[in-house]
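Protein chains in written order, with the working numbering: chain A, 792 to 923; chain B, 1330 to 1805. Glycine residues also receive a C-beta, built at the ideal position from the N, C-alpha and C atoms. Each remark here refers to the structure printed beneath this line.
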Amino acid sequence: MTESCLTDYMYILLFMVGGCLAVFLPFVIAYYLRPKTTEYVRSFQAYECGVTPFNQMWDYRFGVSYYLYALIFLAFDVDVLYLFPVATVYNTDVVSKIRGISELFIFIGILSLAIIYAWVKGVFKWERKIKS
Amino acid sequence: MSLFLPELALISMALVFFFMSLGKPKSSFLQGVALAQAAIVVFIALFAFKFSCNQPAQTMFYDAYRVDAFSQLFKIILTFGLFLVIYLGAGLKGITDNLKAEYYMFMTLSVLGLVFLSSAVELLTIVISLEISSFALYVIIPFRFQKGYRKQMEAGIKYVMFGAMATGISLYGMSYIYGMAHTTYLNELVQVLPGMLKHQPAIIIGLILMMASFFYKLAMFPMHFWAPDVYEGSSNETAGFIATLPKVGAVALLIRLVALAGIEINQITGILAIFAILSMVVGNLSALVQDDLKRLLAYSSIAHAGYVMVAILCVNTLGFSAAIYYIAGYLVMNLACFYVIYNISPKGENVTFADLKGLYKNSPMLALTLVLGAFGMAGIPPTVGFFGKFFIFTAAIEKSLYAIVILTVINAGISAFYYLKMVRAAFMTSDEESSVIQMDLSAYILGLILIVTILGIGIFPQTFMHYAEMAAGTIL
């Protein structure tokens, strides 16, 4: 009992060592294989080519419209998450086909009211929401 | 199907307001629709209570949802409270104009969450119902509109942040309970918890932590600090809502949770007693120095949470039914005070003691309602508040918790000071010439309804107590 337990742990150790190697070996290999590069000022910036960046991100304001789009997107993004539980029990002895599909449609239906609300309130009309 | 009828009625009410929010309905039309629907919901809740009155409890949704006399009684109180709050906020003076339909919708959704809460008997269902009711409230606090007034944002943010923290603590406590008892169903927990309490102290920590978010809703001692700021920042009608209905839901759930620990006096009783007494002391002493009426009512609600907790921690039928009776009475008395506040302020601004001066001359009706509300909360005889306290003391003495009774009586004495201060302010003559407060007929009728309810349940408590005892009987 204890021996077989220990051998099982040995497998885990083996896998851990293998996993570490698989992650870090490429770094080591890449270090030796890579061409030597010269470093200059722009090497440490996010984009090495193109227009020289200036100032910081939080100096700028974005239109609030982006934010509203993101919110609407989020509602449907999270909604997909809640479809998985339905999919796992769908057509089992707990939840029948009819019930599963109808509950799914009720759920999506109520969620799409969010889109209707946003639509009617003019979120999808692209215009300046803040007068500067 | 008929078991779920009150909830379905509330859902359809919320949907109606959703579709109304798409158009631009008139304020008076909205109010009429809201009142009519709320009245229908109250009747459905009454019907549902009658239906499940002498029936054994029935469960739905894989045993996560329990419909019994207890939950149905709370549904009546909650829907009646919704009706009164909608009636009270005639015209929604303090709310941004183009958000009135949404305001009613979120109010309905919040009550829907509380109605779910009163029936929920599974930990995750409890959390979800609580969150439904809280999220709707977080949204409606910043709806306040008053030129140059910005405190509603602060109030809204505070309510969200502290609420999230309370829910987090609660979930952490639930993880303890699930880890030790291996179930989330209350009817299974009640069989194992009393035994575990004797051997595993960690379950005490779990239970108390789990109750944290209900303490938060009830504004009880360790979780009370949000109440004054939120009441002050939210508009008068919203404050009237926050001050009453979530507390009814929290009491319903606390009764169910405390019943889990078993009927004997144990460590849980001790901890709850300390919370209850500190809640009364903190609430009453802070209320003494308040000038803003809403802040005063906030501290007084902290104190009342303590009184209700004394009833709950008795864990007997009388204690539970006293808690139900008291919280129902508190709902009406508090709404009476908010009715006065709402009608005194012409543009929905906050009311101070100075605004009360000369009220008896400007509007005798408001003065009378204020007197009854304040007398009720102070616990002066013919009102519902007196019998509420009377039943609480009887229940506590039955369990021989004499020390708690003595401390509660002292606190009730302290609280009488600031309630009577309100009455005194209303009956003082003001120096300057003040105008008569204009109220339309429906506002008068609401005042009459409140007065009759406060006196009616107060003078004839036995009918309500009979139903409350029957409801409490289904828990124990």
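At a cut-off of 8 Å between beta carbons, residue 1518 (chain B) makes no contact with chain A.
Beta-bridge partners assigned by DSSP to residue 1387 (chain B): B:1396.
Taking a C-beta cut-off of 7 Å against chain A, none of the residues of the region 1353-1387 of chain B qualify. If you check each beta-carbon in the region 1435-1452 of chain B against every beta-carbon of chain A, none falls closer than 9 Å. Contact of residue 1544 (chain B) with chain A is not assigned, every C-beta pair being separated by 8 Å or more.
Residue 1711 (chain B) is a Cβ neighbour of residue 1788 (chain B), given a cutoff of 8 Å. Taking a Cβ-Cβ threshold of 7 Å, the residues of chain B close to residue 904 (chain A) are 1347, in chain order.
The beta carbon of residue 881 (chain A) sits no closer than 8 Å to any beta carbon of chain B.
Per DSSP, residue 1449 (chain B) is not a residue of any alpha helix (DSSP H), being assigned neither H nor E.
Under the Cβ criterion of 8 Å, residue 802 (chain A) is not counted among the residues facing chain B.
About 5 Å separates the CB atoms of residue 866 (chain A) and residue 905 (chain A); that is less than 8 Å, so the two are in contact.
Inter-residue distance for residue 1676 (chain B) and residue 1632 (chain B) is about 29 Å (C-alpha atoms, whole angstroms). A residue is called buried when at least 16 other Cβ atoms come within 10 angstroms of its Cβ; residue 1361 (chain B) does not meet this threshold and is exposed. The beta carbons of residue 1398 (chain B) and residue 1803 (chain B) sit about 5 Å from each other, so the pair counts as a contact at 8 Å. Distance from the CA of residue 1497 (chain B) to the CA of residue 1528 (chain B), rounded to the nearest whole angstrom, comes to 26 Å. Counting other Cβ atoms within 10 Å of its Cβ, residue 1412 (chain B) reaches 16 or more and is therefore classed as buried. Under the Cβ distance rule, residue 1351 (chain B) counts among the residues neighbouring chain A, one pair being separated by less than 8 Å.
Residue pairing by DSSP places residue 1621 (chain B) opposite B:1681 in a beta bridge. Under DSSP, residue 1514 (chain B) takes part in a beta bridge, and its partners are B:1451. For residue 873 (chain A), the closest Cβ of chain B is not nearer than 8 Å. Counting the other CB atoms within 10 Å of its CB gives residue 1643 (chain B) a total of 16 or more, which places it among the buried residues. In this structure residue 1350 (chain B) touches residue 1431 (chain B) by the C-beta definition: roughly 5 Å separates them, less than 8 Å. In this structure, residue 1685 (chain B) sits near residue 1754 (chain B), with a CB-CB distance shorter than 8 Å. Pairing residue 1499 (chain B) with residue 1394 (chain B), the inter-Cα distance amounts to about 20 Å.
For residue 1557 (chain B), the uninterrupted alpha helix (DSSP H) segment begins and ends at 1556-1562. Taking a cut-off of 8 Å on C-beta distances, the region 1413-1420 of chain B touches the region 1771-1783 of chain B, as three or more cross pairs fall below it. Within chain B, 1350, 1351, 1352 have C-beta atoms less than 9 Å from the C-beta of residue 911 (chain A), given in sequence order. Taking residue 1628 (chain B) as reference, the option from B:1548, B:1662, B:1661 with the minimal CA-CA separation is B:1548. When the Cα atoms are used, residue 1342 (chain B) and residue 1334 (chain B) turn out to be separated by approximately 12 Å.
Our two residues, residue 811 (chain A) and residue 830 (chain A), have alpha carbons roughly 30 Å apart in a direct line. Among the residues facing chain B, residue 908 (chain A) is included, as its CB has a counterpart in that chain under 8 Å away. Comparing alpha carbon positions, the residue from B:1607, B:1347, B:1759, B:1493 closest to residue 1434 (chain B) is B:1347. By the Cβ rule, the region 1650-1661 of chain B counts as touching the region 1714-1724 of chain B, because three or more pairs are nearer than 8 Å.
The Cβ atoms of residue 1569 (chain B) and residue 1467 (chain B) lie no closer than 8 Å to each other.
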